[in-house]
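**Q** Under numbering that gives the first Met the number 0, the first residue of the sequence shown is numbered 0, with each subsequent residue one higher.
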Amino acid sequence: MKTIKKILPQLLFLAMALLLSSGVSAQKYAYIDSDYILKNVPEYQDAQNQMDDLSEKWQKEIEAKFLEIEELYKKYQADVVLLPADMKKKREEEIINFEKEVKQFQQDKFGQNGELFKKRQELIKPIQDKIYNALEEIAQAKNYSFVFDKSNGASIMYANPKYDISDDVLDELGLSFNTQRNK
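Here it is, written out as structure tokens:
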């Protein structure tokens, strides 16, 4: 979905340019509500729940480790006046190294190419591809020139509900149960 949202402004610009340059052309347009579609795809909800659980588990681990660092530092501050120079340096290095380890763990889990990102790709990308393929089939079958996504208020100022094909996408995915909106 991020890909669709990233290219939406360019698609809108291209659509407007084509509309203005083509005069009275017989192009057809439709829109979807990707948030609505995703809320009605059980696999997406399951994947999102898995992602949330994993994220929460890792966040708790990280918070616990940072609390441990804080306790080590407090203990060090309480003992610092009694420690010889070599012990001070050793304890400081232990705290610094532990903090680096925790930050690396955090980066490994939540970083740009971390485990959460990889898990998201593993769980959510196939669902997004499935939705896109259904959308593409409908767009080709109904001869739509453009299909916009109105989620997050992208750039559509007005959308006539009769052109919303979100339920068609759900039907194409075989998920048509109780999803018909008032049109």
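All residues carry an ideal CB built from backbone N, CA and C; glycine is no exception.
Do you know how far the Cα of I126 is from the Cα of N185?
**A** There is simply no residue 185 to check, as the chain begins at 0 and stops at 182 in what is shown.
**Q** Put Y131 into one of helix, strand or coil per three-state DSSP.
**A** helix
**Q** Counting pairs of Cβ atoms below 8 Å between the stretch 79-97 and the stretch 106-120, do you hit three or more?
**A** no
**Q** Going by DSSP, what residue range makes up the beta strand (DSSP E) through I164?
**A** Unbroken run through I164: none, as it is neither H nor E.
**Q** Would you call I95 buried or exposed, if buried means 16 or more other Cβ atoms sit within 10 Å of its Cβ?
**A** exposed
**Q** Please determine, among E55, P160, V40, the residue with the shortest C-alpha to C-alpha distance to Q105.
**A** E55
**Q** Give the DSSP-derived three-state secondary structure of D85 in the structure shown.
**A** helix
**Q** For V79, which of helix, strand or coil comes out of DSSP?
**A** helix
**Q** Quick one: residues in its chain with C-beta nearer than 7 Å to the C-beta of S165, no 5 flanking neighbours on either side, listed in chain order?
**A** I31, D32, Y35, I36
**Q** Within its chain, find whatever has a CB closer than 7 Å to the CB of Y143; leave out the 5 residues flanking it on each side and keep chain order.
**A** K27, Y28, A29
**Q** Between A46 and L122, how many whole angstroms is the CB-CB distance? I'm expecting something under 8 Å.
**A** 4 Å
**Q** Go through its chain and collect everything with a Cβ distance to Y43's Cβ below 8 Å, but skip five positions before and after it.
**A** L37, I123, I126.
**Q** Could you name the residues of the same chain whose beta carbon sits closer than 6 Å to that of A138, not counting the 5 residues immediately before and after it, in chain order?
**A** V146
**Q** I'd like the span of the beta strand (DSSP E) that includes Y143, first residue to last.
**A** Per DSSP, Y143 belongs to no beta strand (DSSP E) and is neither H nor E.
**Q** Can you tell which of K99, Y75, E100 has its C-alpha closest to the C-alpha of K88?
**A** Y75
**Q** For K149, does the count of other Cβ atoms within 10 angstroms reach 16, so buried, or fall short, so exposed?
**A** buried
**Q** Buried or exposed for L169, please, with buried defined as at least 16 other CB atoms from any protein chain shown within 10 angstroms of its CB.
**A** buried
**Q** Whole angstroms is fine: what's the gap from K90's alpha carbon to A63's?
**A** Checking the sequence, you will find Arg at residue 90 rather than Lys. Rounded to the nearest angstrom, the two C-alpha atoms are 20 Å apart.
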